[in-house]
Every structure is written in structure tokens, then in C-alpha cells.
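Colleague: Shown below is the structure under consideration.
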Amino acid sequence: MSDKKNMFENIADAAKAGVDSLADRARAAGHDIAARVGDEADNAKDRAEAEAARARAAQHGAEYRREMDDANTDLVGGLGHAKAKAEQTAADVKDTAHEAVQDVKADVREVERRADDKL
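Numbering (my numbering), first residue to last: 122 to 240.
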């Protein structure tokens, strides 16, 4: 089995990364608020936790972008493949139709020849 994820798995992982990023940003905001009240030791701890939460949010944001880029690549590749397949099918139908027209024309000529022979 391939390790490559499909487009829908990439989108699901991107959604999770986006939610995680928002949650980490909310935690950072909460720690920023907490860093403004209380004693200096607690405030320093809250500032450090806010920075750590912002770093995790940035990491999740990068993961979100990476997953969405992978999903986009899969989508564009799939569309290109579908377009090529549709163009090939159209060419095949055109060839088949041309052959059918030639067959009908040959049949008409044969009928005309037989009619001329009977006259």
C-alpha cells in the first residue's frame, strides 16, 4: 500500500492543523492576558507559555499550508489526467464517426452502382 495520502486525507489533515493552529493562538492570547496580572514569576511563566503556544500555532499553520498544497497538487494532477482522457476519447469518437461515414458512403456508392446496373 502506498504511503502517499489522497486528496481527501490531505484536506482532513489540513483542517485538523488549522483547528490546532487556532487553538494554540487562543492559548497564546490567554497566556498573554494572564501575563498582565499576578506576580512577576507567574507573569514570566505565562509569557513563556504564550511564546510556546505561538510557536506551535506557527508549526500547525505551516502543516496546514503543506497539506493544502499537497491536496491542490493532487487535484490539478487529477484534472490534467481527466482532460487528457477526455481528449483521447473525443479523438477516438471522431475517428469512429469518420470511419462510419466512410462506410455509409461506400454503401451508398454500392447501392447506386447496383441501381445503375439494373437500368
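Note that beta-carbon positions come from the ideal geometry of N, C-alpha and C, so glycine has one too.
Note that the structure is predicted; figures quoted are calculated from it, not measured.
From what residue to what residue does the alpha helix (DSSP H) around G201 run?
Modeller: G201 -> alpha helix (DSSP H) spans E161 to K239.
Colleague: Give the straight-line distance between the Cα atoms of E208 and G139, rounded to the nearest whole angstrom.
Modeller: The straight-line gap from Cα to Cα measures roughly 38 angstroms.
Colleague: Using a threshold of 8 angstroms, state whether the C-beta atoms of D191 and A171 are closer than that.
Modeller: Taking 8 angstroms as the Cβ cut-off, D191 and A171 do not qualify as a contacting pair.
Colleague: Helix, strand or coil: which one does DSSP assign to R157?
Modeller: In this structure, R157 counts as coil in the three-state DSSP scheme.
Colleague: Candidates D160, A183 and E188: which alpha carbon is nearest N127's?
Modeller: Of D160, A183 and E188, the residue nearest in Cα terms is E188.
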